[in-house]
DNA sequence: TTGAAAGCGGTACCAG
DNA sequence: CTGGTACCGCTTTCAA
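Protein chains in written order, with our numbering: chain A, 1 to 341; chain B, 1 to 341.
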């Protein structure tokens, strides 16, 4: 790998001149002819600056990291896309780091990342340990949480999960459902809590009494959906519809329902949270709520960049704009129970 | 951020001693008491080495990059997992970089990565431009292709796609199918070519004449599967089964078939390549061939690490071990056509 | 056993 | 307009 020194030698100038030319420094001017020579020499040698050396001097390497717990979760694909675009547009490099398998050592993992490899981190880790956040705050390290809120974290960007859930459950109510179950996510996840909140609000607003038997708490996994739906359908008075906290949960629920002989939507309607290609591939197509995840990614990068530059700006942002995507997993029911009583 | 100098000052020793203690240098010995003082000082300050400075000096930063075209493709999840584990086990840091959206600038993208941010790269980019590989070779940069072979590339690790395809098609043949279509992947992808080859070999071995109308070429997308299946079922003499080159293609095919009123497996059997959770969530469950993708990731990291260390070793590896995962998308048919003639 | 110093590849300030 | 130089934080060789 050629260095500045090599280019300087070839061009017959001092290396500081090469640096100026290549960074086109406005402060000092360079004779046009010299500039030419330098550029040609750099070209000829295939010179490419060393990010380490530059980063060491500049205290900034021009890259950000997005830390993700599980790359295979489709939720992250959209956040990544948004973050990627935004980073690229502002001339930064986005590196992804998966913590899968590193769980017990997340803190060490973060430290390794923060040794100078990146200028700041975006944490999409829903199950992130508070200790990590404390360490980040203590070290005054530039960071932003995405898709997760935390008491300890000063900065985050999240979607309006409660509003999204409201949308989902209202849809079910409009279609005549009154006995609506909820496959909730892990109580450790802020998003799960807000979705449950939205669920309760929707019921409340419709004058439906909340029945705690109808909500089963689990994790954000397909397996959790399978278990949950089994529990709901074996209730003495099972729900006619269910709101799943997550796409994976919904998919698992559909899978289990099918195996149990529960037809969707005939026997059970279902709407899931978060829209992705999977929702369309399921059979029947899953009605979902689309969250502005790509926007989350973009906004997180913007915020992080502001922080690294020491610029002021909002530190907590809630992105609204959830919308219902109707497919075939919800059926309309007559309000028989009502009129019969 | 405290530096070596800060620790040295606090411990009352020279910074070179601190370096020795912290890296527990075997060559020079340090008085036990001094060692203690240094460690305490480092601890007290929360010292953490600067990877940039160290990397600049050592010409190695202890991290590798895995470059992926599209993070949402489930194929990569497994490769990533394997690579991650292997990297971690050997004390390296695996960074992921997605090229999505950077397509026309992949070369620049690679250069940015190779400015010193990482010690080497693993390219999982199936549609990678040859120019990138040439540049990598020319720059003698440590790299390994994974899940893709190339004339220009000296190093790669791939699965035995042809054998996997053989497995899939043989399964169909054993179940009595003789008119078997193939939804092929993009001719630019080495994996697609090998899968098509396996398909042909299987037919040949069974004495089934190859009918070019039964193979429709596309891309590795769900949309391609949709289009392909539509084309196949509208043939004057449509196939009774189809082998999809990819999980996404299979999923798209199933989706389109459903919309066209073609029942699976009753009207059309289908087997896909690459097993992932999605295969199980589809309805009916998709029979697939499981490829040793996690192993691909592991092996790629091992190879890359060897390269960075200048150690000898195999440069092309083909991982065998594909296996059939039976679910519900294939039905057995009687060999009526045979006996009737 | 410890200290001093060179240098990795850049950037930026200062002097000529 | 150009050259010289200090320094970013760390590793490592050489002397004391």
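Yeah, the Cβ is synthetic: ideal placement off N, Cα and C, and Gly gets one too.
- Note down, in chain order, every chain A residue with its Cβ under 7 angstroms from the Cβ of residue 53(B). Within 7 angstroms Cβ-Cβ: 56.
- Three or more beta-carbon pairs under 8 angstroms between the segment 39-50 of chain A and the segment 77-85 of chain B, yes or no? Under the Cβ criterion (8 angstroms, minimum of three pairs), the segment 39-50 of chain A does not count as touching the segment 77-85 of chain B.
- Which term fits residue 287(B), buried or exposed, when burial requires 16 or more other beta carbons within 10 angstroms of its beta carbon? Per the 10 Å Cβ criterion, buried.
- Is DSSP giving residue 122(B) helix, strand or coil here? Three-state DSSP puts residue 122(B) in a strand.
- Listing by chain order, which chain B residues have their CB less than 7 angstroms from the CB of residue 116(A)? Simply 50, 51 and 52.
- Item | Helix, strand or coil at residue 217(A) [DSSP, three-state] | Strand at residue 217(A).
- Comparing the C-beta of residue 69(A) with each C-beta of chain B, is any distance below 8 angstroms? For residue 69(A), the answer is no, since every Cβ of chain B falls outside 8 angstroms of its Cβ.
- Who are the Cβ neighbours of residue 74(B) in its own chain at under 7 angstroms, not counting the five residues just before and after it? The answer, listed in chain order, is 247, 276 and 278.
- Coarse secondary structure for residue 138(A), derived from DSSP in three states: For residue 138(A), the three-state secondary structure derived from DSSP is helix.
- Item | Per-residue burial, residue 222(A) [other beta carbons within 10 Å of its own, 16 or more giving buried] | Residue burial is scored here from C-beta neighbours: residue 222(A) has at least 16 other C-beta atoms within 10 angstroms and is therefore classed as buried.
- Output yes or no for whether 8 angstroms exceeds the beta carbon distance between residue 203(A) and residue 242(A). Taking the C-beta atoms as reference points, residue 242(A) is found no nearer than 8 angstroms to residue 203(A).
- Task: Identify the continuous alpha helix (DSSP H) that holds residue 201(A) and give its terminal residues.
- Result: In the DSSP assignment, residue 201(A) falls within the alpha helix (DSSP H) that extends over 190-205.
- Message: Going by DSSP in three states, residue 64(A) sits in which element: helix, strand or coil?
- Response: The answer is strand: DSSP assigns residue 64(A) an E or B state.
- Message: Please tell me whether residue 282(B) and residue 260(A) are closer than 8 angstroms, where the distance is taken between their beta carbons.
- Response: Annotated as distal: residue 282(B) and residue 260(A), with beta-carbon spacing of 8 angstroms or more.
- Message: I need the straight-line Cα distance from residue 304(A) to residue 113(B), nearest angstrom please.
- Response: When only Cα atoms are considered, residue 304(A) and residue 113(B) end up about 21 angstroms apart.
- Query: Which residue from 98(A), 37(A), 94(A) and 217(A) puts its Cα closest to that of residue 10(A)?
  - Reply: With distances taken between Cα atoms, residue 10(A) lies closest to 37(A).
- Task: Please determine if the segment 188-196 of chain B and the segment 143-151 of chain B are in contact, where contact requires at least 3 C-beta pairs separated by less than 8 angstroms.
- Result: When C-beta atoms of the segment 188-196 of chain B are compared with those of the segment 143-151 of chain B, three or more pairs fall below 8 angstroms, so the two segments count as touching.
- Item | CA-to-CA distance, residue 321(B) to residue 292(B), given in whole angstroms | Their Cα atoms are separated by approximately 6 angstroms.
- Message: With the cut-off set at 8 angstroms, would you say residue 35(B) and residue 28(B) are in Cβ contact?
- Response: In this structure, residue 35(B) sits away from residue 28(B), with a CB-CB distance that is not shorter than 8 angstroms.
- Given a cut-off of 8 angstroms, decide if residue 96(A) and residue 87(A) are closer than it, judged by their beta-carbon atoms. Contact: no.
- Report buried or exposed for residue 205(B), applying the criterion of at least 16 other Cβ atoms within 10 angstroms of its Cβ. It counts as exposed.
- Task: Please report the residue range of the alpha helix (DSSP H) in which residue 252(A) lies.
- Result: For residue 252(A), the uninterrupted alpha helix (DSSP H) run begins and ends at 247-260, by DSSP.
- Using a beta-carbon distance below 8 angstroms, is residue 270(B) in contact with chain A? Taking Cβ atoms only, chain A never reaches closer than 8 angstroms to residue 270(B), which makes this a no.
- Output the distance between the C-alpha atoms of residue 323(A) and residue 233(B), rounded to the nearest integer angstrom. Taking the straight line from one Cα to the other gives about 35 angstroms.
- Cβ neighbour criterion (16 or more within 10 Å) applied to residue 406(B): Given that chain B is displayed from residue 1 to residue 341, the structure contains no residue 406(B) and the question cannot be resolved.
- Task: Report the residue from 132(B), 43(B), 143(B) and 135(B) whose alpha carbon sits nearest the alpha carbon of residue 66(B).
- Result: Of 132(B), 43(B), 143(B) and 135(B), the residue nearest in Cα terms is 143(B).
- Task: Please state whether DSSP places residue 184(B) in a helix, a strand or coil.
- Result: The answer is strand: DSSP assigns residue 184(B) an E or B state.
- Message: Counting only C-beta atoms, is residue 255(A) closer than 8 angstroms to chain B at any point?
- Response: So yes, residue 255(A) belongs to the interface.
- Classification of residue 237(A) by the beta-carbon crowding that lies within 10 angstroms, buried from 16 upward: Counting of Cβ neighbours within 10 angstroms places residue 237(A) among the exposed residues, the total staying below 16.
- Item | Runs of alpha helix (DSSP H) lying entirely within the segment 271-313 of chain A, each at least 4 residues, in chain order | Within the segment 271-313 of chain A, the complete alpha helix (DSSP H) runs of at least 4 residues are 277-281 and 293-309.
- Using three-state DSSP, classify residue 41(A) as helix, strand or coil. Looking at residue 41(A) - three-state DSSP - the assignment turns out to be helix.
- Message: Counting C-beta neighbours from all protein chains within 10 Å, is the total for residue 106(A) 16 or more, i.e. buried, or is it exposed?
- Response: The residue is buried, with at least 16 neighbouring Cβ atoms inside 10 Å.
- Through-space distance from residue 111(B) to residue 42(A), alpha-carbon basis: Distance between the alpha carbons of residue 42(A) and residue 111(B) is about 15 angstroms.
- Task: State the DSSP-derived secondary structure class of residue 163(B), mapped to helix, strand or coil.
- Result: For residue 163(B), the three-state secondary structure derived from DSSP is helix.
- Determine the DSSP secondary structure at residue 269(A), reduced to helix, strand or coil. It is a strand residue.
- Query: So, are the CB atoms of residue 213(B) and residue 197(B) less than 8 angstroms apart?
  - Reply: For the 8 angstroms CB-CB criterion, residue 213(B) and residue 197(B) do not form a contact.
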